[in-house]
Amino acid sequence: MRKKRVLLLSEGFGAGHTQAAQALSVGLRMLSPNIQTRVLELGSFLHPTLAPLILNAYRRTVTTQPKLYGLMYRSQYKKSLNRFAQLALHRIFYAQTAAVIHQLRPDTIVCTHPLPNAVISRLKRAGLNIPLCTVITDYDVHGTWVSSEVNKYLVSTSNVRDKLLTRGVQSDAIEVTGIPVHPNFWEPHNREDLRAQFGLKTMPTVLVMGGGWGLMNSKESLDYFTRWREKVQLIICVGSNDKTLAELSQDERFRHENIRLMGFTNEVDKWMEVSDLLITKPGGMTCTEGLSKGIPMLFYQPIPGQEEENMHYFTQRGYGEPIKSEATIDHWFQLLIDRYSEVSQTSFDIHPYINTYNPTDCSQAIMEMLKVNVLH
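If you count by our numbering, then the sequence shown holds residues 132 to 507, one letter each, in order.
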């Protein structure tokens, strides 16, 4: 019997969309040997020369003109991509998409970014007869995600579900599953073993993450963190930002036994497991990874739009809070120090809450669409 084929389509506008697709790919194959997956960043796959230029322009806009990006996001917030935009995407950027689908012959297409979602929706209107599943990778829903051709939406929260209902999506086409994370996050690790593996001390530990692109523009905040380096262990991950990593490595303030500098890593689940506090931009994927590990979070420099909405969601539920001033950092760092002292420097739960998030739900929902049995 032929394996069920799942084609997962994303784009590189921020790392979270493709991370979600990769997480689903691995998760599906772990749940069943009868599934074959393929992940594509569609624009990069079809136009490897043009796509990086567009992505770099997007990155520059987000980093240098965040207010402009936020204005664009909000002005189109309740609007789907219009027919002209969909036609332009199809003809200029994704003209070969139908050929790719014909060659790969998927049983289901899963989109984790609005642009390939719009392209597949248009192909379905033209006669493509393959189920389309859309995974919304934030704690908000922009209008560009919405299309009547989507067979199933997998969403992060009931609030996102309600927003889709107000935009005309039928209730039976929406399932609240949470955002998918890599199966590495599905199971806990032993903290003491990880400390030994990474050469870390048993002391308050803070993980600072700059997002998939390593957007660490606030050097003042990083400098302030180093004032705590005698009492707090700092793990600073700048992602793919090699320039920032090189600069920090040459800075005497960061050359300390309690400070670890890192670039991109595939072991974020382990670094979160061994940390007591996460300081991060409020990207949907990183926040969900933190949620899966039950780690409290502090948020800095949200991109206007979806990251602001992510931050509001987690703040309202007490899972984290924005860094409003240095006093926020002082409060949390001192709290860590005090708690470690109280429990004789063993691990502790600094911010206990009932965690109803199940990281396998998203993969399970796709399995049900495919009617494939799950391994037990």
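Beta carbons: idealized from backbone N, C-alpha and C, even for Gly. Given the structure is predicted, the values throughout are model-derived calculations rather than measurements.
Endpoints, beta strand (DSSP E) assigned at residue i
i	result
M428	M428 to F430
P453	G451 to P453
R169	I166 to E172
T239	T239 to C242
Y284	K283 to V286
L259	No beta strand (DSSP E) contains L259, which DSSP labels as neither H nor E.
R336	Checking the sequence shown, residue 336 turns out to be Thr, not Arg. Looking at the DSSP string, the run of the beta strand (DSSP E) that includes T336 is T336 to M340.
S141	K135 to S141
Q364	Q364 to C368
I305	I305 to V307
Same chain, Cβ closer than 7 Å to residue i, five either side skipped, listed in chain order
i	result
L331	Q364 and V405
W463	L408 and L429
G451	P427, M428, L429, F430 and F445
M500	T239, P262, C264 and K283
S156	L139, T168 and V170
A154	P311, V312 and H313
S279	none
R256	E280
H507	With a pLDDT of 49 at H507, under the threshold of 50, the predicted position of this residue should be treated as unreliable, though the coordinate-derived value follows. Correct list: empty, nothing qualifies.
S475	Interpretation of S475 is limited by its pLDDT of 48, a score under 50 that renders its predicted location unreliable; the figure taken from the coordinates is listed afterwards. Closer than 7 Å at Cβ, skipping near neighbours: no residue.
Check whether residue i and residue j have beta carbons under 7 Å apart
i	j	result
V272	L295	yes
L325	K401	yes
M161	P314	yes
G415	N397	no
T275	P247	no
I454	P335	no
D492	T308	yes
Y270	T297	no
G158	S494	yes
P490	W317	yes
E378	P413	no
V339	I367	yes
Y471	L422	no
Unbroken alpha helix (DSSP H) run spanning residue i, endpoints
i	result
R322	R322 to F329
V250	P245 to R256
S289	S289 to T297
T491	First-last for T491: undefined, no H or E at that position.
H447	The question names His, but residue 447 in the sequence shown is Gln. Segment Q437 to Q447, the alpha helix (DSSP H) holding Q447.
T228	T228 to L235
S456	Note, S456: premise wrong, no alpha helix (DSSP H); not H, not E.
Cβ-based neighbour list, residue i, same chain, cut-off 8 Å, excluding 5 preceding and 5 following
i	result
T357	L365, R384, F385, H387 and I390
L369	Just to set this straight, residue 369 is Val in the shown sequence, not Leu. If we look at V369 and ignore the five residues flanking it on each side, its Cβ neighbours are G341, G345, M347, T375, L376, L379, L392, M393 and G394.
E457	Y355
T459	L429, E452 and P453
L259	A229, I232 and I251
Q381	none
I497	V137, L155, L159, T239, V241, C264 and L285
Cutoff 6 Å; reference residue i; Cβ partners in own chain excluding five residues on either side
i	result
A152	L139, S141, V170 and T243
T265	C242, N248, V281 and Y284
T419	I310 and V312
K362	I468
T228	V250
H233	none
Q167	K134 and R136
P433	P413, E439 and M442
Y484	Confidence is the limiting factor: at Y484 the pLDDT is only 43, short of 50, which leaves the residue's position unreliable, though a coordinate-based value still follows. Result list for Y484: empty, nothing under 6 Å.
G449	none
Minimum Cβ-Cβ distance from residue i to chain C less than 7 Å
i	result
G274	In the structure shown, chain C cannot be found, because there is only a single protein chain.
**Request:** Would you mind listing the alpha helix (DSSP H) stretches within the stretch 375-419 that are 4+ residues and don't spill past its ends, in chain order?
**Result:** 399-404
**Request:** Indicate whether the contact test is met: 3 or more Cβ pairs, each with one atom in the stretch 135-143 and one in the stretch 236-252, closer than 8 Å.
**Result:** yes
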